[in-house]
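Read in order, the letters of the sequence shown are residues 1010 to 1380 in my numbering.
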Amino acid sequence: MSTALELARDGAAAAPAPYLTVEQVSKSFGTFQALERVSLSVAAGEFVSFLGPSGCGKTTLLRAIAGLDPASSGRITQGGRDITGLPPSARDFGIVFQSYALFPNLTVTDNIGYGLRGPAWPKARRRDRVAELLVLVGLAEHAQKYPAQLSGGQQQRVALARALANEPGLLLLDEPLSALDAIVRLHLRQEIRALQRRLGLTTIMVTHDQEEAMGVSDRVVVMSRGRIEQVGRPEAIYARPASAFVAGFVGRSSRFEAVVDAPSDTLVAGGLRLPCTASRGMLFGTRVLAFVRPEDVRLGAEAAALPGHLQAEVTHLEFLGPVCRLSLEAGRLRLEADATPDAVRRLGAVPGAILPAALPAERVMVFPIDE
Ligand code: ATP
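What follows is the structure, encoded as structure tokens:
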């Protein structure tokens, strides 16, 4: 059976009512504006990532949602409740930070149970809940250890269990994997995603790692300079970036300036004429930034069969495992192209070789340059 979220994604049903809304939120630190009229809504059970370069405001937005750095203006609601002015303690979230932020003098059990106090948590209930959480994050056999006796990945699982202890309505993850090495990082991100799905927990993660954001999120919010550039499913953001910033920031691409020629589905760039579907209808002479993904560049006989193909010189070759990345020069254009090691061998694509290359017209992304 499809979930409401899946139906909405397929366009077969209206989007579910948002669980969290951020409306026109701005945040200033002195004269510096860290967030500028940011608006966003997150559905119940969604996993959303804030992605962007350092300093773009991702953490500031997350902290505004948590109430740790309240918004200067705008409105935030969670579960239909206006939480804009509430202190963090009156909000309903659990948070995991990059630094594990565990109490070094408490055992794993006591770290996880730390927030389970007061009349709602008599001793037996607290013990049962901690035991449940230990199993949930796979740490049952480490219950009596201290943080210093755990690996980074294990410490972050303790932090995750502690964030989940109170059954919060919202899980906030602030670069939770940045301090971990690559393998643990990949493993833990998959575990977090599986856990989040199982619990149906609305989750927001801040990351500057695009593979991480694209790999686990229902939707990605791409930010730049305190603003949202694009919100969308990972595939949509990759295939149809909404701005030159997103095209350049998400995934790899070759980027070059071009001018729209006549007819308008032709670009002139670096002394070459290139067919381009996306520029159709743009005014003659419009200056654009064009982007092409390395996997979209065609080479050899396949390229020679396409209109507007080029003769390109291989200037550099990098072996990356499943693919090789070729640096190419055609006219004054510099391009990157990916090809399998087999294809590279077949094409004889060694540095210095000259081979046909083509940019398929429908794969060239263009954005007018603001004059
Ligand atoms: P990073 O990936 O480096 O953490 P980020 O996108 O999370 O970046 P933020 O931490 O949200 O960025 O910071 C956004 C901007 O606001 C930065 O320029 C930062 O210097 C500034 N900023 C954040 N917190 C404060 C503060 N408490 N006082 C002054 N400026 C701040």
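We put the beta carbon where it would ideally sit given N, CA and C, even for glycine.
Using three-state DSSP, classify residue i as helix, strand or coil.
i: M1374; result: strand
i: A1321; result: strand
i: R1135; result: helix
i: L1189; result: coil
i: R1249; result: coil
i: F1102; result: strand
i: L1197; result: helix
i: P1284; result: strand
i: L1292; result: coil
i: D1183; result: strand
i: R1166; result: helix
i: T1116; result: coil
i: A1152; result: coil
i: E1266; result: strand
i: R1202; result: helix
i: E1271; result: What sits at residue 1271 in the sequence shown is Ala, not Glu. Reduced to three states, the DSSP call for A1271 is coil.
Under 8 angstroms by Cβ, that's how I've got residue i and residue j pegged, so tell me the actual separation to the nearest angstrom.
i: P1156; j: Y1109; result: 7 angstroms
i: A1312; j: C1333; result: Their Cβ separation, rounded to whole angstroms, is 16 angstroms, which puts A1312 and C1333 out of contact at 8 angstroms.
i: E1327; j: E1338; result: With 8 angstroms as the limit, E1327 and E1338 do not qualify as a contact, their Cβ atoms being about 15 angstroms apart.
i: V1229; j: I1246; result: 6 angstroms
i: H1325; j: P1303; result: Between P1303 and H1325 the Cβ distance is about 13 angstroms, and since that is not below 8 angstroms, they are no contact.
With 16 other CB atoms within 10 Å as the buried threshold, where does residue i fall?
i: Q1158; result: exposed
i: S1011; result: Only weak support is given to the placement of S1011: the predicted model assigns it a pLDDT of 43, under 50, and the value that follows is read from those uncertain coordinates. Label assigned to S1011: exposed.
i: L1368; result: buried
i: Q1239; result: buried
i: A1149; result: exposed
i: R1198; result: buried
i: H1196; result: exposed
i: V1306; result: buried
i: D1183; result: buried
i: S1098; result: exposed
i: I1378; result: exposed
i: N1114; result: exposed
i: Q1033; result: exposed
Please specify which runs of the beta strand (DSSP E), each continuous and at least 3 residues long, are wholly inside the segment 1020-1099, giving them in chain order. 1027-1038, 1041-1052, 1056-1060, 1082-1087
Please list the segments of the alpha helix (DSSP H) lying wholly inside the segment 1326-1372, counting only runs of 4 or more residues, in order along the chain. 1350-1356
Does the count of Cβ pairs from the segment 1352-1365 and the segment 1276-1296 closer than 8 angstroms reach three? no
Segments of 3+ residues assigned as beta strand (DSSP E) that fall wholly inside the segment 1213-1263: 1228-1233, 1236-1241
When you compare the segment 1136-1145 with the segment 1074-1083, are there three or more beta-carbon pairs, one atom per stretch, that lie closer than 8 angstroms? no
Does the pairing of the segment 1221-1235 with the segment 1263-1270 give three or more beta-carbon distances under 8 angstroms? no
Contact between the segment 1203-1218 and the segment 1249-1265 (3+ Cβ pairs under 8 angstroms): no
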